[in-house]
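**Q** This structure is in structure tokens; I'll ask about it shortly.
Number of protein chains: 2
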Amino acid sequence: MLINGVPGDHISIHDRGLLYGDGVFRTLRVLGGCIQCWPRHYRKLQQDCAALRITCPEAALLFEELRRLIEQRSDGVAKIIITRGEQSARGYTPVENMTSTRILTFAPSLDCPDRNYSHGVKLRVCDIRLAHQPKLAGIKHLNRLENVLAAAECSDPEIAEGLLLDNFDNVIEGVRSNLFMVRNGELFTPNLSNCGVAGIQRERVIEWAARHGVPCWVRQFGLTELLVADEIFMVNSVIGLWPVRELSGIDWNHHPISMQVQEWLSHAHD
Amino acid sequence: MLINGVPGDHISIHDRGLLYGDGVFRTLRVLGGCIQCWPRHYRKLQQDCAALRITCPEAALLFEELRRLIEQRSDGVAKIIITRGEQSARGYTPVENMTSTRILTFAPSLDCPDRNYSHGVKLRVCDIRLAHQPKLAGIKHLNRLENVLAAAECSDPEIAEGLLLDNFDNVIEGVRSNLFMVRNGELFTPNLSNCGVAGIQRERVIEWAARHGVPCWVRQFGLTELLVADEIFMVNSVIGLWPVRELSGIDWNHHPISMQVQEWLSHAHD
Numbered sequence: 001m002l003i004n005g006v007p008g009d010h011i012s013i014h015d016r017g018l019l020y021g022d023g024v025f026r027t028l029r030v031l032g033g034c035i036q037c038w039p040r041h042y043r044k045l046q047q048d049c050a051a052l053r054i055t056c057p058e059a060a061l062l063f064e065e066l067r068r069l070i071e072q073r074s075d076g077v078a079k080i081i082i083t084r085g086e087q088s089a090r091g092y093t094p095v096e097n098m099t100s101t102r103i104l105t106f107a108p109s110l111d112c113p114d115r116n117y118s119h120g121v122k123l124r125v126c127d128i129r130l131a132h133q134p135k136l137a138g139i140k141h142l143n144r145l146e147n148v149l150a151a152a153e154c155s156d157p158e159i160a161e162g163l164l165l166d167n168f169d170n171v172i173e174g175v176r177s178n179l180f181m182v183r184n185g186e187l188f189t190p191n192l193s194n195c196g197v198a199g200i201q202r203e204r205v206i207e208w209a210a211r212h213g214v215p216c217w218v219r220q221f222g223l224t225e226l227l228v229a230d231e232i233f234m235v236n237s238v239i240g241l242w243p244v245r246e247l248s249g250i251d252w253n254h255h256p257i258s259m260q261v262q263e264w265l266s267h268a269h270d
Numbered sequence: 271m272l273i274n275g276v277p278g279d280h281i282s283i284h285d286r287g288l289l290y291g292d293g294v295f296r297t298l299r300v301l302g303g304c305i306q307c308w309p310r311h312y313r314k315l316q317q318d319c320a321a322l323r324i325t326c327p328e329a330a331l332l333f334e335e336l337r338r339l340i341e342q343r344s345d346g347v348a349k350i351i352i353t354r355g356e357q358s359a360r361g362y363t364p365v366e367n368m369t370s371t372r373i374l375t376f377a378p379s380l381d382c383p384d385r386n387y388s389h390g391v392k393l394r395v396c397d398i399r400l401a402h403q404p405k406l407a408g409i410k411h412l413n414r415l416e417n418v419l420a421a422a423e424c425s426d427p428e429i430a431e432g433l434l435l436d437n438f439d440n441v442i443e444g445v446r447s448n449l450f451m452v453r454n455g456e457l458f459t460p461n462l463s464n465c466g467v468a469g470i471q472r473e474r475v476i477e478w479a480a481r482h483g484v485p486c487w488v489r490q491f492g493l494t495e496l497l498v499a500d501e502i503f504m505v506n507s508v509i510g511l512w513p514v515r516e517l518s519g520i521d522w523n524h525h526p527i528s529m530q531v532q533e534w535l536s537h538a539h540d
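As you go down the protein sequences, you meet chains A and B in turn. Here this note's numbering is used: position 9 in the first sequence is 9, and no number is missing along the way. Here this note's numbering is used: position 36 in the second sequence is 306, and no number is missing along the way.
Dropping the structure here:
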């Protein structure tokens with residue numbers, strides 16, 4: 001663990017990350033000692049910091065610290081948390097240009113059954129609905145109680161991921177992943193302008209579609225439309241791509257396009 | 271500062287309070303060495319912990335630790351943060367019955383102009399709207415980015431507090447306070463079942479009304495209705511009660527009921 005470049009595992013209780021969830025984070029896959037998709041992760045970190053007016057550390061500094069953290073270790077998951085920094089005065093009001101806090105951690109890869117990749121996973125539709133907050137939508141910030149409550153609903157070990165809708169019955173995302181559906185050879189992924197986290201693997205899938213001449217639509221759709229999809233798949237930086245095998249009593253056994261995207265995501269590391 | 275009863279000012283970076291804003295808090299007024307409204311604060315802490323299934327420390331333990339913290343000091347503001355605790359596994363899923371983390375801090379009272387109490391304050395209607403999340407509404411949890419963004423809109427020193435509406439144009443609360451309006455001798459305060467924090471001073475005002483035979487209605491209303499109120503006032507545990515003097519170009523110069531409530535709140539310390 002590195003806190004502002006110094007080995008350690010504690011932060012000040014005056015840090016606004018703790019006080020208000022006033023910060024953003026990234027979870028990065030490390031394979032063979034290499035951080036996957038680093039430029040894209042950094043760009044997203046910059047965007048998220050800018051949206052909240054948090055000072056984003058320089059790319060070179062973060063990259064160097066990640067290298068130190070990973071050192072000899074080969075595979076795992078690195079996490080970067082950037083908070084607005086330590087509070088001097090009391091209260092919600094953020095001071096302009098505060099020195100942000102950067103927290104870097106590294107952990108072994110999660111064990112995840114091969115079947116999740118080859119046969120797909122089972123989803124559960126969560127009871128909790130995502131609230132519409134356009135000023136925070138898309139940002140991977142530290143206010144994650146909705147995800148915590150949603151994850152608590154998915155304790156059944158058969159359930160690999162929870163599916164989140166919004167208050168208007170639109171499909172939005174997985175608890176820790178983004179969602180795509182395939183219909184007649186076209187891709188569809190939910191519009192995240194009101195809620196949800198716009199992950200970088202979602203961005204990569206959209207680019208895959210553009211490069212391969214596959215139409216990809218970012219728009220609203222509900223569960224009814226999702227359940228008649230030809231394929232559904234979930235993506236994030238740690239798991240990669242999981243096809244969906246079961247949702248609301250419907251089964252999917254063939255995932256030809258999901259598999260093409262899965263292959264491409266795991267080999268193209270830009 | 272006391273962390274789990276031990277003097278210190280740092281917490282683990284694996285604490286879910288930092289990782290996800292997975293915790294709740296209380297801000298308590300200390301006057302003449304006494305914690306104001308302690309039983310009520312503790313009851314609310316218990317309710318908020320229960321709503322998120324966070325283990326709430328025993329009242330006697332917290333009270334004893336607060337006493338140690340306050341010691342010889344007379345006036346100030348104590349803060350209690352209870353997080354779900356330290357994460358062992360990775361990910362959003364909360365483990366049942368985790369040992370929560372308790373963080374207690376004490377700070378001097380804020381300087382606040384006497385005029386705020388005698389003549390009232392100016393409010394600004396914030397651009398950011400509160401999102402509807404019934405599963406979190408009312409809880410004073412650590413996911414406070416909406417408040418941070420709202421507070422950032424109120425940097426003009428003339429503005430003492432920001433007024434928050436929801437996405438449907440309902441008046442909800444102040445950035446750090448609850449709101450009441452007075453009309454024809456009756457009180458009205460927004461329904462907080464979709465968003466907002468249900469503070470204990472709001473509860474006390476509702477009780478004041480009941481004891482004094484003043485009708486008090488908890489319901490939805492918009493800005494148009496608010497602006498024709500006879501009086502408006504804001505309450506929280508640190509400031510007490512501020513009448514509203516100015517909002518959206520409308521002025522209020524007489525606050526007879528606000529003043530009665532202000533007097534009562536500051537003298538009855540249950």
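Using N, Cα and C, we set each Cβ at its ideal position, and we do this for glycine too. All values derive from a computational prediction rather than experimental measurement.
Starting from the Cα of N367 of chain B, find the closest Cα among B:T325, B:G346, B:R338, B:H402 and give me that residue.
**A** Selected option, being the one with the closest Cα: B:T325.
**Q** Going along the chain, which residues of its own chain have a beta-carbon closer than 6 Å to the beta-carbon of H254 of chain A, five neighbours each way excluded?
**A** Taken in chain order, the list of residues that qualify is empty.
**Q** Applying the criterion that 16 or more other CB atoms from any shown protein chain within 10 Å of the CB defines a buried residue, is G278 of chain B buried or exposed?
**A** With fewer than 16 Cβ atoms within 10 Å of its Cβ, G278 of chain B is classed as exposed.
**Q** Run through the segment 442-468 of chain B for me and flag every whole alpha helix (DSSP H) of 4 or more residues, listed as ranges in chain order.
**A** List check, alpha helix (DSSP H) in window: nothing returned.
**Q** Anything in chain B within Cβ reach of N143 of chain A, meaning under 7 Å, just list it in chain order.
**A** Result: G291, N413, L415.
**Q** Of all the CB atoms in chain B, is at least one closer than 9 Å to the CB of I70 of chain A?
**A** It does not; no Cβ of chain B falls within 9 Å.
**Q** Less than 8 Å between C-beta atoms, sequence neighbours within five positions excluded: which residues of the same chain meet that for A131 of chain A?
**A** Answer for A131 of chain A: E146, D166, N167, C195, listed in chain order.
**Q** Buried or exposed for L406 of chain B, going by 16 or more other Cβ atoms inside 10 Å?
**A** Buried: at least 16 other Cβ atoms inside 10 Å.
**Q** Any idea what DSSP makes of K44 of chain A, helix, strand or coil?
**A** Reduced to three states, the DSSP call for K44 of chain A is helix.
**Q** P364 of chain B CB to nearest chain A CB: under 9 Å?
**A** At least one chain A Cβ lies under 9 Å of P364 of chain B.
**Q** Name the DSSP beta bridge partners of E508 of chain B, please?
**A** What sits at residue 508 of chain B in the sequence shown is Val, not Glu. Paired residues: none, contrary to the question.
**Q** Short of 9 Å Cβ to Cβ, which residues in the segment 380-391 of chain B face chain A?
**A** So the close ones are L380.
**Q** For chain B, check one thing: does any of its Cβ atoms lie closer than 9 Å to the Cβ of K135 of chain A?
**A** For K135 of chain A, the answer is yes, since a Cβ of chain B falls inside 9 Å of its Cβ.
**Q** What is the DSSP secondary structure of R144 of chain A, counted as helix, strand or coil?
**A** Here R144 of chain A sits in coil by DSSP.
**Q** Excluding the five sequence neighbours on either side, which residues of its own chain have a C-beta within less than 6 Å of the C-beta of K44 of chain A, listed in chain order?
**A** Closer than 6 Å at the Cβ level, and outside the excluded window around K44 of chain A, lie I200.
**Q** Hey, could you find the ends of the alpha helix (DSSP H) V228 of chain A is sitting in?
**A** Premise fails: V228 of chain A is in no alpha helix (DSSP H) and is neither H nor E.
**Q** Would you kindly check if the distance between the Cβ of N184 of chain A and the Cβ of V218 of chain A is under 9 Å?
**A** The answer is no: Cβ separation not under 9 Å.
**Q** Sort A:A51, A:R67, A:L66, A:Q46 by Cα distance to P57 of chain A and report the nearest one.
**A** The option with the nearest alpha carbon to P57 of chain A is A:Q46.
**Q** Helix, strand or coil, according to DSSP, for W217 of chain A in the structure here?
**A** Strand, per DSSP.
**Q** Leaving out five residues on either side along the sequence, give the residues of the same chain with a beta carbon under 7 Å from the beta carbon of G5 of chain A.
**A** E65, listed in sequence order.
**Q** Would R68 of chain A be called buried (16 or more neighbouring beta carbons within 10 Å of its own) or exposed?
**A** The residue in question, R68 of chain A, is exposed, as its Cβ has fewer than 16 Cβ neighbours within 10 Å.
**Q** Pull up the distance between the alpha-carbon of E473 of chain B and that of T459 of chain B, whole angstroms please.
**A** One C-alpha to the other measures close to 10 Å.
**Q** CA-CA distance, I520 of chain B and L433 of chain B?
**A** Those two C-alpha atoms are separated by around 14 Å.
**Q** Could you give the distance in angstroms between the alpha-carbon of C423 of chain B and the alpha-carbon of L535 of chain B?
**A** A small correction: the amino acid at residue 423 of chain B is Glu; Cys does not occupy that position in the sequence shown. The straight-line gap from Cα to Cα measures roughly 29 Å.
**Q** Report buried or exposed for S74 of chain A, applying the criterion of at least 16 other Cβ atoms within 10 angstroms of its Cβ.
**A** Exposed: under 16 other Cβ atoms inside 10 Å.
**Q** Between which two residues does the alpha helix (DSSP H) containing G287 of chain B stretch?
**A** From DSSP, the alpha helix (DSSP H) with G287 of chain B extends over 286-290.
**Q** Between the beta-carbon of P526 of chain B and the beta-carbon of E501 of chain B, is there less than 9 Å?
**A** Yes, these two residues count as a Cβ contact at 9 Å.
**Q** Can a CB atom of chain A be found closer than 9 Å to the CB of I351 of chain B?
**A** I351 of chain B counts as touching chain A.
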